[in-house]
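Everything on this sheet refers to the single structure shown next.
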DNA sequence: TAATTAGGTTGCAGGTTGCAACTAAAAACT
DNA sequence: AGTTTTTAGTTGCAACCTGCAACCTAATTA
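Chains as they are written, first to last, in our numbering: chain E, 47 to 230; chain W, 47 to 230.
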């Protein structure tokens with residue numbers, strides 16, 4: 047009845063579209079970076095980024111609306127407004143830095159960044175942003191797979207892996223969520 | 047002579063603008079994700095993403111131009127063209143997944159992704175994409191700092207950290223690159 | 001040979017971006 | 001006190017980008 051294919055769902059259920067709703071817009075990441083870099087005021091962003099006034103106004107409003115920046119009038123100078131990263135904003139750092147590192151890696155003119163992002167403890171530049179397994183091993187794209195939700199933990203040899211340990215072939219497991227699989 | 051302030055440089059020299067030149071455009075990440083998900087042909091992207099034909103055409107061309115996808119006519123059916131991720135394309139995975147995870151974390155309707163991205167070894171879902179120190183410790187935004195390039199490795203207490211070990215206060219070091227600092 | 005499929009291109013309506021000029025309110029100077 | 005400057009916007013307009021629908025071309029299939 048009707049040829050309403052139902053595509054998209056699979057691809058929409060993944061967090062990416064939500065993320066891109068805000069961060070997919072031009073300047074969003076540049077503002078985020080400037081913000082992390084210690085800029086807090088409209089005119090600072092304006093002159094450092096070279097963005098148009100109206101666009102900056104619009105973008106800041108949208109970032110505030112999405113809870114990535116918080117907007118509060120300055121106590122000492124009530125003309126000034128402070129834009130500061132929220133926790134949600136800081137949580138975008140891995141994505142932003144991963145993007146930067148990728149851009150750097152494949153940039154034609156080699157990039158000599160200054161200021162440099164360092165680990166506070168030893169003040170040495172951080173390593174590459176990495177994909178980790180559930181138990182902390184660094185993974186590359188060859189070590190990754192897309193599988194059906196139902197097959198989580200089911201390895202080729204028939205054994206089932208869990209975050210806690212292993213389960214043998216004959217064991218009955220709760221298929222609804224291999225993460226919480228239990229021996230019966 | 048002239049008031050040509052020289053802003054931007056600091057913020058341009060960071061890899062982000064380069065990355066955003068391609069990946070900042072609408073659909074770029076969605077196409078990347080579809081590609082990683084096993085789609086290779088024009089019509090597949092078209093029906094799965096719900097993107098307009100002309101835009102898809104344009105975006106694919108741009109991704110190919112930037113070396114993120116490679117475009118090759120199919121051997122068996124010369125109408126068909128295969129779009130496949132290059133190494134450069136796969137290198138965008140940390141950024142893409144970080145973005146997805148962030149989108150998921152802050153999504154209102156909780157996202158139950160299927161298919162799921164798993165570690166090939168144990169087929170368990172991967173952990174959060176993470177920022178790592180040079181020696182592999184997981185860092186959060188509180189453990190990060192932006193410092194001048196010249197201050198790399200210089201800690202508050204005057205000691206100098208290097209990837210290899212420690213250097214005392216009186217030691218002479220090669221300032222040009224603290225990463226390769228040596229005792230004299 | 002005609003119909004279908006794959007991958008585009010073209011034209012047009014509507015939305016977004018960006019420059020420049022204007023505004024409103026608070027602060028600083030005279 | 002009155003004028004000027006600074007901060008954070010808004011408005012108008014031109015150029016560019018998006019997306020829908022229709023069209024095009026080459027290869028394959030019926």
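Note that CB positions come from ideal geometry on N, CA and C, so glycine has one too. Since this is a predicted model, take the numbers as computed values, not measurements.
Open item on the list: Using 8 Å for Cβ pairs, my map puts residue 86 (chain E) next to residue 130 (chain E). What's the rounded Cβ distance?
Closed with: Stepping through the first chain from its first residue, residue 86 (chain E) is reached at position 40. Stepping through the first chain from its first residue, residue 130 (chain E) is reached at position 84. Confirmed, about 6 Å.
Open item on the list: Would residue 129 (chain W) pass as an interface residue toward chain E - the criterion being a Cβ-Cβ separation below 8 Å?
Closed with: One-based indexing of the second chain puts residue 129 (chain W) at position 83. No - not a single Cβ of chain E is within 8 Å of the one on residue 129 (chain W).
Task: Interface flag, residue 126 (chain E) vs chain W, CB-CB below 8 Å - done: Your numbering for residue 126 (chain E) matches position 80 in the first chain. It does not; no Cβ of chain W falls within 8 Å.
Task: Closest Cα partner of residue 117 (chain W) within the set W:97, W:144, W:88 - done: If you number the second chain from 1, residue 117 (chain W) lands on position 71. Measuring from the Cα of residue 117 (chain W), the nearest candidate turns out to be W:88.
Task: Residue-level contact to chain W via CB, residue 86 (chain E), 8 Å cutoff - done: As a position in the first chain, residue 86 (chain E) is number 40, starting the count at 1. Output row for residue 86 (chain E): interface = no.
Task: Beta carbon of residue 80 (chain E) nearer than 8 Å to that of residue 94 (chain E) - done: For the purposes of this step, residue 80 (chain E) is taken as the residue at position 34 of the first chain. For the purposes of this step, residue 94 (chain E) is taken as the residue at position 48 of the first chain. Cβ distance < 8 Å, so residue 80 (chain E) and residue 94 (chain E) count as in contact.
Open item on the list: DSSP three-state label for residue 181 (chain E), please.
Closed with: Locating residue 181 (chain E) in the first chain gives position 135, where the first residue counts as 1. Three-state result, residue 181 (chain E): coil.
- [ ] Taking residue 61 (chain W) as the reference, give the member of E:158, E:203, E:173 with the closest Cα.
- [x] Residue 61 (chain W) sits at position 15 when you count from the first residue of the second chain. For residue 61 (chain W), the nearest C-alpha among the options comes from E:158.
Task: Cα-Cα separation, residue 120 (chain E) to residue 207 (chain E) - done: Within the first chain, numbered from 1, the residue matching residue 120 (chain E) stands at position 74. Within the first chain, numbered from 1, the residue matching residue 207 (chain E) stands at position 161. Answer to the nearest angstrom: the Cα atoms are 53 Å apart.
Task: Three-state class that DSSP yields for residue 68 (chain E) in the structure shown - done: Counting from 1 along the first chain, the entry for residue 68 (chain E) is found at position 22. Correct three-state label for residue 68 (chain E): helix.
- [ ] Tell me, please, whether the CB atom of residue 166 (chain W) is closer than 8 Å to any CB atom in chain E?
- [x] Residue mapping note: residue 166 (chain W) aligns to position 120 of the second chain, counting from 1. Yes, residue 166 (chain W) counts as interfacial toward chain E.
- [ ] Would you kindly check if the distance between the Cβ of residue 160 (chain W) and the Cβ of residue 72 (chain E) is under 8 Å?
- [x] For this step, residue 72 (chain E) is matched to residue 26 along the first chain. For this step, residue 160 (chain W) is matched to residue 114 along the second chain. In this structure, residue 160 (chain W) does not lie closer than 8 Å to residue 72 (chain E) by Cβ.
Task: Integer Cβ distance of residue 175 (chain E) from residue 176 (chain W), believed to fall under 8 Å - done: The residue you call residue 175 (chain E) lines up with position 129 of the first chain. The residue you call residue 176 (chain W) lines up with position 130 of the second chain. 7 Å between Cβ atoms; contact.
Open item on the list: Using 8 Å as the threshold, is the C-beta distance between residue 114 (chain W) and residue 139 (chain W) below it?
Closed with: Numbered from 1 along the second chain, position 68 holds the residue referred to as residue 114 (chain W). Numbered from 1 along the second chain, position 93 holds the residue referred to as residue 139 (chain W). Their beta carbons are not under 8 Å apart, which means residue 114 (chain W) does not touch residue 139 (chain W) by this criterion.
Open item on the list: Let me see if you follow: with CB-CB separation under 8 Å, is residue 171 (chain E) close to chain W or not?
Closed with: As a working note, residue 171 (chain E) is residue 125 in the first chain. Closer than 8 Å: yes.
Task: Contacts that residue 120 (chain E) makes with chain W (C-beta to C-beta distance below 9 Å) - done: As a first step, residue 120 (chain E) is located in the first chain; it is residue number 74 there, counting from the start. Here the premise fails: no neighbours, minimum Cβ distance about 22 Å.
TODO: Quick one: measure Cβ to Cβ for residue 165 (chain E) and residue 185 (chain W), integer angstroms, because I've assumed they're closer than 8 Å.
DONE: Taking the first chain and counting its residues from 1, one reaches residue 165 (chain E) at position 119. Taking the second chain and counting its residues from 1, one reaches residue 185 (chain W) at position 139. Residue 165 (chain E) to residue 185 (chain W), Cβ: 6 Å. Contact.
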